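Here is the structure we will look at, set down as structure tokens.
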């Protein structure tokens, strides 16, 4: 089964998710600059989520680039990931509007964890489909980055019960870890091509 | 006439439908966890519709994969399907906000039936265009799954007049039946390829 | 200059236009069937606009199918068409919410006229780019259907000052005229291929 | 790394940005023509932003057409551009709703400047990736148009503190400068092809 339409559909959904988040930045009814002040946390929250969704799109792109074919289970794992991604605008708006209060920050973390798990499931199914010795299998073998992220998310949630700003800061830390695109695939592919041509 | 742009357009519309549904999850204005409680039925309703739209995309993908060319009637049958799919966010929001009350659950079922009929029309036109002995014709010959779904939808609507939660449960049953992607095409294609190469 | 990305972008914009119209169908806050009654004109208005946007997408698809290359002017003519298409959700919502009252029906007609003109400009530029003796030039030479539509729109607007329901009925008439996809291109292409191969 | 999915994703996001802006044109609840009057500045504001986003799409299209491959940094530079583009609907709505008052017009200019800078960064990274003597490098060598735009934006912002309508007029001036698609690439490509074939 071809991967083309899966990529196109995922791109469409992720493009919509990343864009409708901006609708939470409600246009103020007055023209004075003071009207923007309460929007600052909403804006900060939007910027972080934009980066998160960008990271997911980026890694999704890399991973599917290394994919040769898909099956029904992979399609559903992908939809499962898109489902949790689609909840990011909701928690983003809630967190921003309530100035990074306890519960919104915790829920934001839970949604991030669910996204992380959904992504891991997708990776696992792709590796199973392509074989452990495939490019995908060796590149994503030990998902250290993913495990560290999960741990930090968990710490962030616990910490948020006491000081929610600290939890939010930890989400920024994870975003920084992932900001650099996943070079594992790129490196592997570069080496394979060298072997091929060299 | 090529099918490429029909696929792309359908993907776009379905991607938007599946994503704007989440806008019904209105961000609560307060930060306490209690604010999420009234959103639980909206969330459950959203999750079910996400799966339904996912199923339609999945099967649409499989069916058009087996399609070689299209004509004007098929284009309109496809738009007709997209029209009924586009009403899913509306009934989803209505059903969730009213905690699965009688009329919203009934209307949800009616929209599902209309989608089911629209899909059957699309299948019929595709088979007529490709011939009954084509891959599509033999794979979709007796649409047992489709008939069973229609019957359950009808029962669900009748049952909802008495107990709407039961109707909702029946919609979940149909979703489970379809959750497994349509292997008819995949099986047929596998066999054809075997015949070809074997 | 390739036409691929122009098609993709147009598909994206049209897909969003056709889908966000449904957001005007505001979810009623009560669960009784009475709550749907005031939505009936909004629904009728939505259905008509869905067909209109579908017609534009359909014809746009056919026309660009016969197009070989584009230039900067064509890109802007295309964006100009998308601009007027993007106003359809607004007039649709206004017309539906006000039960086909005079001014909304008139404005709906004005937007349809502007779309019609924008489409004609796009056709003209495409013909100039490909030459009058090209497939496009001969197929769209005398745009009879387009002229008739324009005339009916104009009559509909005048009539709406007295009886707006009649104006609305005339919009349905034009939709029926166009409902059948533009076979001019298909016919021409069929003949060209015959000439080629025969 | 292929550029195909980057183009597709950018097209998707830009298509959504250009279309959701129209949601700021809120449907009036009454049917009389007077209800449209307060929407005129919102409409004018929308039309200008539609042209701006169209210009960005147009130039983005041209630039990526001349691009052969991309890397991780280019992906993020592209997402950075999409981020600032996604803020255009917000400032558009704010400016329109407040009849081109001082602060909204200033903020609109700031967002335009940020877009301009984000675009320049993307160009710079693409040139660095392809080499200064590449098609991209020579075509975009001295970005005179970009520099002039930045200067006018800056003047517009300063001027808006005294007379915001004048600032708005300057934004129209810049749009006119860019309205003509970027022929630098087209010219260069034409010449290269001549050299190749001549």
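Chains as they are written, first to last, in the numbering used here: chain Y, 1 to 198; chain R, 199 to 396; chain X, 397 to 594; chain G, 595 to 792.
Heads up, the beta-carbon is just placed ideally off N, CA and C, and yes, glycines get one too.
These figures come from a predicted structure and were not determined experimentally.
When the five nearest sequence neighbours on each side are left out, the beta carbons in the same chain lying within less than 6 Å of the beta carbon of residue 28 (chain Y) are those of 35, in order along the chain. The alpha-carbon separation between residue 113 (chain Y) and residue 158 (chain Y) amounts to approximately 13 Å.
Judged by DSSP in its simplified three-state form, residue 225 (chain R) adopts coil rather than helix or strand. With fewer than 16 other beta carbons inside 10 angstroms of its own, residue 330 (chain R) counts as exposed. Per DSSP, residue 669 (chain G) is one residue of the alpha helix (DSSP H) stretching across 666-679. In the structure shown, residue 43 (chain Y) falls within a helical segment according to DSSP collapsed to helix, strand and coil. Among the CB atoms of chain G, none fall inside 8 Å of the CB of residue 445 (chain X). It is roughly 22 Å from the alpha-carbon of residue 697 (chain G) to the alpha-carbon of residue 616 (chain G). The Cβ of residue 203 (chain R) sits closer than 8 Å to at least one Cβ of chain X. Residue ranges of uninterrupted alpha helix (DSSP H) with 4 or more members, entirely inside the stretch 83-117 of chain Y and ordered along the chain, are 88-97. For the C-beta of residue 424 (chain X), the chain R residues within less than 8 Å are, from N- to C-terminus, 292. Rounded to the nearest whole angstrom, the C-alpha separation of residue 624 (chain G) and residue 484 (chain X) is 18 Å. Collapsing the DSSP output to three states places residue 61 (chain Y) in a helix. For residue 335 (chain R), the uninterrupted alpha helix (DSSP H) segment begins and ends at 333-337. Taking 7 Å as the Cβ-Cβ cut-off, the stretch 737-764 of chain G has no residue approaching chain X.
Take residue 172 (chain Y), set aside five residues on each side of it, and the residues of its chain with a beta-carbon closer than 7 Å to its own are 48, in chain order. By the C-beta criterion, the stretch 664-682 of chain G is judged to be in contact with the stretch 44-58 of chain Y, since at least 3 inter-stretch pairs fall below 8 Å. Here the C-alpha atom of residue 121 (chain Y) lies approximately 12 Å from the C-alpha atom of residue 146 (chain Y). Nearest Cα to residue 501 (chain X) within the set G:618, G:626, G:744, G:640: G:626.
When the alpha-carbon of residue 136 (chain Y) is set against those of Y:20, Y:59, Y:41, Y:109, the nearest one is in Y:59. Listed in chain order, the positions of the stretch 464-484 of chain X with a beta carbon within less than 8 Å of a beta carbon of chain G are 468, 471, 472, 475, 478, 479, 482, 483. For the pair residue 608 (chain G) and residue 769 (chain G), the CB atoms are not nearer than the 8 Å cut-off. About 7 Å separates the beta carbon of residue 307 (chain R) from that of residue 358 (chain R), a gap short enough to meet the 8 Å contact definition. For residue 11 (chain Y), the three-state secondary structure derived from DSSP is helix. At the C-beta level, residue 756 (chain G) and residue 720 (chain G) stay beyond 8 Å of one another. A buried status is given to residue 492 (chain X), since no fewer than 16 other beta-carbon atoms sit within 10 Å of its beta-carbon. Within the model, the alpha-carbon separation for residue 631 (chain G) versus residue 640 (chain G) is close to 15 Å.
Here the alpha carbons of residue 728 (chain G) and residue 117 (chain Y) stand approximately 43 Å from one another. Residue 16 (chain Y) has a beta carbon lying within less than 8 Å of a beta carbon in chain R. DSSP, reduced to helix, strand and coil, places residue 377 (chain R) within a helical segment of the structure shown.
Between residue 408 (chain X) and residue 598 (chain G), the gap from beta carbon to beta carbon reaches 8 Å or more. Here the alpha carbon of residue 296 (chain R) sits roughly 18 Å from the alpha carbon of residue 354 (chain R).
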